[in-house]
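Here's the structure we're looking at; comments come further down.
Numbering (this note's numbering), first residue to last: 1335 to 1647.
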């Protein structure tokens, strides 16, 4: 797993989005997206992008809300197809009458969904589950497009934003160098929380580094007070365009800190900005992994936990 994986993302995004053929037989009043880790981040990105159009509920658990019904479209995402929590929540949603669509590269989900007559989309494999992000995201976006329609220009711009991020590799490397030996404290415009969540997850898994996410404006009422003490953290501010609240936060940061890492997300629209940030900062974590001498693919504690958990449902 290396930079070459990211270089494949734009073409993969386009091919997967254009290849999905599925019929959604109704117009949903709400969408539930269930998944964990590198699969679950798809829900965060979709909610940021389309959450103003209709209710989008993200589940990262074995359970689902009581309110879901036959007007809810459930998208169950598990790269491996064997994610216990996702299988449990997806089958619960199915039992409540929700129309379920699975997205996976194989495993139990592919087998059981086919046996139960639940729609399932098979995506191309990747070198690691989290590197299957474009396959998972653009498959989900294709499903949603069939259900409610989305702006095709947003898709095109989001792919272009990935290419832009790859051209900014030196920026990614510089960010990574500043984070070595520190705990990243990621402050993010709440409109693009998905970027920060994915960055934290990539820091955890690729660079084996802890990280903290704080969404603005909520963080203005708690996290920002930690500036009064000298902690072993590195503050990062992720911006998504003009925002007077973020302007004020940045001013306060500059008053209290000697150095702030500021990241201005490039792209037109939320989806493009998210894909720029996720791509750029994913590359950052690969540079960090190389500097720290850690294998970005290995996730031994996760593997051990999955063996202990076994099959939950």
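All residues carry an ideal CB built from backbone N, CA and C; glycine is no exception.
- The segment 1465 to 1473 and the segment 1349 to 1360 touch, with no fewer than 3 CB-CB distances between them shorter than 8 Å.
- Counting only residues of its own chain and dropping the five nearest sequence neighbours on each side, residue 1426 has a CB closer than 6 Å to the CB of 1398.
- With 16 or more other CB atoms across the displayed protein chains lying within 10 angstroms of its CB, residue 1447 is buried.
- In the DSSP annotation of this structure, residue 1548 is not part of any alpha helix (DSSP H); the continuous beta strand (DSSP E) holding it starts and ends at 1546 to 1550.
- For residue 1451, the secondary structure class from DSSP, reduced to helix, strand or coil, is coil.
- The bridge partners DSSP lists for residue 1521 are 1548, 1571.
- Looking at the DSSP output, residue 1433 sits in a beta bridge with 1407.
- For residue 1480, no beta strand (DSSP E) encloses it; the enclosing alpha helix (DSSP H) starts and ends at 1467 to 1482.
- Residue 1406 sits buried, since 16 or more C-beta atoms from the chains shown fall within 10 Å of its C-beta.
- Contact between residue 1452 and residue 1437 does not hold, since their C-beta atoms are separated by about 12 Å, which reaches or exceeds 8 Å.
- If you draw a straight line from the Cα of residue 1534 to the Cα of residue 1513, it is about 12 Å long.
- Counting only unbroken stretches of 4 or more residues, the alpha helix (DSSP H) elements lying wholly within the segment 1558 to 1603 are 1578 to 1590, in sequence order.
- C-alpha of residue 1509 to C-alpha of residue 1496: approximately 17 Å in a straight line.
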